[in-house]
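Scroll down for the structure; my scribbles are underneath it.
Below, the structure written as C-alpha cells:
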C-alpha cells in the first residue's frame, strides 16, 4: 500500500531534473518516473502536468524536495508553493551527506534528483515558506552592502600596499582612491534604500526603532538580521533562532575523551557577522545586561573573544524578544 509520493528536483540554471518516487507501508521506495524540464515558467507548467499525469493514486499525499542552489531554485519553489504543493528546500550540505549515505558511486543531475526524491519519501521534511517581498528586497540590499564592504576592504589593502611600495605609481594610487570613493557612494545609497524601505511600513519601523535603542545596534545590523530571518517568521522560540545563526553550543564526547564545547557555526554566517561589531560597542559603552555577561564569562575562562561571542548570542536573543513584543 502506497503512503506517500515524493518528487525530487535537481535544479540548475537552465534545466531541472525531476524524479518521482513512491514509498509503501513497508518503507520500500520505488521510482515511478524521471525526466527533465527547462527552468522557465513554461517548464514549470509542463512539470505540473507531468506530475498530475504520473500520480495515479490521487488520495495519496505528495511532497516536493529540492536543494537550495543559489537563486535558481526560487522561481520553481514559489510557483509550486502557490499551486499548494508541499515544498521542502534542503540545505546543500544536508543533501550531500544524505546522498553519500546511500553509497552511490556516481554523481550526476538525474542521480541527485533520484536521491532527493528518496530523501523526501523517507523523511518528514520541514515545509518551505516563501519570503515576503519586503524582506526579500531588504535582504538584497543588505547582502549587496556586505559584498561592497568586502570589495572595498580588498581595494583598501591594495592601496596600502601601493602607498608603501618601493616605486609608487600616482596613477594607480589615484585609481584605487577613486574606486574607494565610488564604493562609499554606493554604500550610502544602499543605506538610504534600506531606511526608506523600512520607513514604508509603520509597524516594521516601530519595531526597528525599538531594537535600535540597544547600545551598539544600528539600522544596518537590524536590517541584516530581520532580512536573513524573514522577520523571525519561522521561529517558534529563541532556541531555534540561536541554532539557525550557528550560535548553538556543540560538544565532542566519546568514552573517556571529553572535548571542548564551542559554537557550531553551522548556520547563517551573515547574522553572526552583523552582530560582531555591535557586541564590541555594547561592551565599550557598558550596556548593563551585556557587560555583566561579558565579565562573568571572561572571569570563567579568560578568553576575550569567547566572551564577545556570548554577547553576540545574547544580543540576538534580545533583538528577538523585543521584536516579538
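Numbering (the UniProt record's numbering), first residue to last: 1 to 325. No residue lacks a Cβ here, since even glycine has one placed at the ideal position from N, Cα and C.
Span separating the alpha-carbon of residue i from that of residue j
{"i": "residue 132", "j": "residue 181", "result": "33 Å"}
{"i": "residue 257", "j": "residue 115", "result": "In this prediction, residue 257 scores a pLDDT of 49, lower than 50, which makes its location untrustworthy; the coordinate-derived value is nonetheless stated afterwards. Whole-angstrom Cα-Cα distance: 36 Å."}
{"i": "residue 22", "j": "residue 6", "result": "6 Å"}
{"i": "residue 239", "j": "residue 320", "result": "10 Å"}
{"i": "residue 4", "j": "residue 130", "result": "23 Å"}
{"i": "residue 51", "j": "residue 64", "result": "10 Å"}
{"i": "residue 202", "j": "residue 191", "result": "18 Å"}
{"i": "residue 46", "j": "residue 149", "result": "42 Å"}
{"i": "residue 310", "j": "residue 250", "result": "14 Å"}
{"i": "residue 268", "j": "residue 294", "result": "23 Å"}
{"i": "residue 175", "j": "residue 287", "result": "42 Å"}
{"i": "residue 198", "j": "residue 229", "result": "15 Å"}
{"i": "residue 82", "j": "residue 44", "result": "12 Å"}
{"i": "residue 152", "j": "residue 34", "result": "46 Å"}
{"i": "residue 227", "j": "residue 26", "result": "43 Å"}
{"i": "residue 235", "j": "residue 172", "result": "50 Å"}
{"i": "residue 56", "j": "residue 272", "result": "47 Å"}
{"i": "residue 307", "j": "residue 278", "result": "13 Å"}
{"i": "residue 349", "j": "residue 325", "result": "The requested residue 349 is not part of the displayed model; the chain covers only 1 to 325."}
{"i": "residue 10", "j": "residue 110", "result": "7 Å"}
{"i": "residue 291", "j": "residue 218", "result": "18 Å"}
{"i": "residue 156", "j": "residue 194", "result": "25 Å"}
{"i": "residue 170", "j": "residue 112", "result": "53 Å"}
{"i": "residue 313", "j": "residue 24", "result": "44 Å"}
{"i": "residue 108", "j": "residue 13", "result": "15 Å"}
{"i": "residue 125", "j": "residue 85", "result": "13 Å"}
{"i": "residue 367", "j": "residue 265", "result": "Coverage of the chain is limited to positions 1 through 325, which leaves residue 367 absent and any answer about it impossible."}
{"i": "residue 289", "j": "residue 301", "result": "19 Å"}
{"i": "residue 296", "j": "residue 270", "result": "27 Å"}
{"i": "residue 104", "j": "residue 123", "result": "19 Å"}
{"i": "residue 164", "j": "residue 303", "result": "35 Å"}
{"i": "residue 220", "j": "residue 299", "result": "32 Å"}
{"i": "residue 237", "j": "residue 196", "result": "29 Å"}
{"i": "residue 200", "j": "residue 140", "result": "17 Å"}
Short Cβ contact (8 Å threshold) for residue i with residue j
{"i": "residue 80", "j": "residue 71", "result": "no"}
{"i": "residue 315", "j": "residue 241", "result": "no"}
{"i": "residue 323", "j": "residue 232", "result": "yes"}
{"i": "residue 117", "j": "residue 216", "result": "no"}
{"i": "residue 29", "j": "residue 121", "result": "yes"}
{"i": "residue 20", "j": "residue 54", "result": "yes"}
{"i": "residue 225", "j": "residue 178", "result": "no"}
{"i": "residue 36", "j": "residue 48", "result": "no"}
{"i": "residue 90", "j": "residue 67", "result": "yes"}
Coil, strand or helix - residue i by DSSP
{"i": "residue 22", "result": "strand"}
{"i": "residue 163", "result": "helix"}
{"i": "residue 200", "result": "coil"}
{"i": "residue 183", "result": "helix"}
{"i": "residue 153", "result": "helix"}
{"i": "residue 72", "result": "coil"}
{"i": "residue 48", "result": "helix"}
{"i": "residue 130", "result": "coil"}
{"i": "residue 5", "result": "strand"}
{"i": "residue 214", "result": "coil"}
{"i": "residue 86", "result": "strand"}
{"i": "residue 229", "result": "coil"}
{"i": "residue 10", "result": "strand"}
{"i": "residue 257", "result": "Only weak support exists for where residue 257 lies, its pLDDT of 49 falling under 50; the coordinates are left without a value."}
{"i": "residue 63", "result": "strand"}
{"i": "residue 286", "result": "coil"}
{"i": "residue 77", "result": "helix"}
{"i": "residue 221", "result": "helix"}
{"i": "residue 248", "result": "coil"}
{"i": "residue 142", "result": "helix"}
{"i": "residue 106", "result": "coil"}
{"i": "residue 36", "result": "strand"}
{"i": "residue 335", "result": "For residue 335 there is no data in the structure shown, the boundaries of the chain being 1 and 325."}
Reference residue i, options the options, closest by Cα
{"i": "residue 98", "options": "119, 232 and 85", "result": "119"}
{"i": "residue 205", "options": "277, 135 and 104", "result": "135"}
{"i": "residue 15", "options": "296, 69 and 49", "result": "69"}
{"i": "residue 207", "options": "10, 66, 318 and 279", "result": "318"}
{"i": "residue 276", "options": "222, 262 and 139", "result": "222"}
{"i": "residue 305", "options": "289, 263 and 237", "result": "263"}
Three or more beta-carbon pairs under 8 Å between the segment 232-251 and the segment 281-299, yes or no? no
Okay, do the segment 61-78 and the segment 35-51 touch, 3+ Cβ pairs below 8 Å being the bar? yes
Touch test, the segment 185-197 against the segment 135-152, Cβ-Cβ under 8 Å, three pairs minimum: yes
Contact between the segment 211-222 and the segment 157-167: three or more CB pairs below 8 Å? no
Quick check: the segment 51-60 against the segment 95-111, are there 3 or more CB pairs under 8 Å? no
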